Amino acid sequence: MSSSRFVKALLLPAAAVAAIAAPLLGSSSASAATTCAPDPLNGVCVVTTDVKVKTTATRFAVQATPKTGNTTRYVSAGTTVGVICQVNNGSSWTAITGGGWLPTANLTMTVGTDGFSPAIRHCGTASALPTYNAAAYPWPTQDGWVNDGHGYYEAECVSFAAWAVRTDGRAHTKSPDRMGNANLWTGAYVDAAPHAGDVAQWDGGRNGAGSVGHVAYVAAVNADGSVLINEYNWGNFHRFNSRTIAANIPSRYLHF
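Below, the structure is given as structure tokens:
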């Protein structure tokens, strides 16, 4: 049974069951460009570009996701930041090294009519081949409650599924981070049929899921229509599991 019921404790002042306080989300500081930084939507390693923050204000808010209202830190006017990639979700946003997003308008960059800067990567662009490797998950034996830096506890089902989406090298246009418990994952497209790279989602109480649901990464869809999923926290607390299920076992399939 999924036990991701404590994810919300990361987002609230009080921890539910764990007696330790969760680290602050988005607490990393700004840094200049590095040789290679992960695309926040799919984990593909990107050569960054140094760009200066504008001086039209004393400081600018860095957001956890490409929208206002989820400030994690601030960068000072004139600071050099490493630009990773950009999205246009109605407004142009730029992912920067150190974590987080700035409105592109706050950077000394040219923006085209499409909302993107010339020669800057579009976030979520796929690498040449999928790079998903379940064994590379950074926290395979976590027995406690530790913030994974993306809004979840390490080795929870939500942490693994979000990590898999970020690092699988496939094209994604939405972020899987900071969406709360498994049954609250609504920030993605719903696929009519499962595809490799999707996230299988269980509503609370469905086919063995706990009260706050469950998510798993779709590793493959077999010729007979069955689905190979990889997951954490199903059956064994905070441990990896792989199983083949009928396509109708989850409530739906999410595409990021």
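For the sequence shown, the numbering used here assigns the number 3 to the initial residue and increments by one for each residue that follows. Glycine is no exception: its CB is placed at the ideal position from the N, C-alpha and C atoms. Computed from a prediction, not measured in an experiment: that's the story for all the values here.
Measuring only the C-alpha atoms, how far is residue i from residue j?
| i | j | result |
| --- | --- | --- |
| W204 | A157 | 18 Å |
| G102 | T82 | 15 Å |
| P40 | T57 | 27 Å |
| S228 | A218 | 14 Å |
| V113 | S119 | 4 Å |
| D200 | T169 | 13 Å |
| T50 | T99 | 8 Å |
| G153 | G182 | 7 Å |
| N235 | M111 | 44 Å |
| G92 | G189 | 16 Å |
| A248 | R61 | 52 Å |
| R7 | T127 | Residue placement at R7 is poorly supported in this model, since its pLDDT is 41, which falls under 50; the coordinates still yield a value, given next. Rounded to the nearest angstrom, the two C-alpha atoms are 32 Å apart. |
| V148 | N224 | 35 Å |
| Y191 | P140 | 27 Å |
| V64 | A107 | 13 Å |
Which residue wins for smallest C-alpha separation from residue i, given the options the options?
| i | options | result |
| --- | --- | --- |
| A79 | A222, A59, V64 and T67 | A59 |
| C87 | T106, Q65, G151 and C125 | C125 |
| F258 | H197, V214 and V53 | H197 |
| V53 | A63, T73 and T96 | T96 |
| A195 | T73, P140 and V220 | V220 |
| S94 | V148, N135, D116 and A121 | D116 |
If we count the other Cβ atoms within 10 Å of its Cβ and call it buried at 16 or more, is residue i buried or exposed?
| i | result |
| --- | --- |
| T70 | exposed |
| N250 | exposed |
| G210 | exposed |
| G146 | exposed |
| T73 | exposed |
| G84 | buried |
| D179 | buried |
### Message
My parser needs the alpha helix (DSSP H) runs of 4 or more residues fully inside the segment 57–86; what are they?
### Response
Fully enclosed alpha helix (DSSP H) runs of 4 or longer: not present.
### Query
So, do the segment 229–242 and the segment 155–174 have three or more beta carbon pairs nearer to each other than 8 Å?
Result yes; three or more Cβ-Cβ pairs closer than 8 Å.
### Query
Of all the beta strand (DSSP E) runs that stay within the bounds of the segment 216–250, which reach a length of 3 or more residues?
216–223, 229–234 and 242–247
### Message
Restricting to runs no shorter than 3 residues, where is the beta strand (DSSP E) found entirely within the segment 129–211?
### Response
191–193 and 201–204
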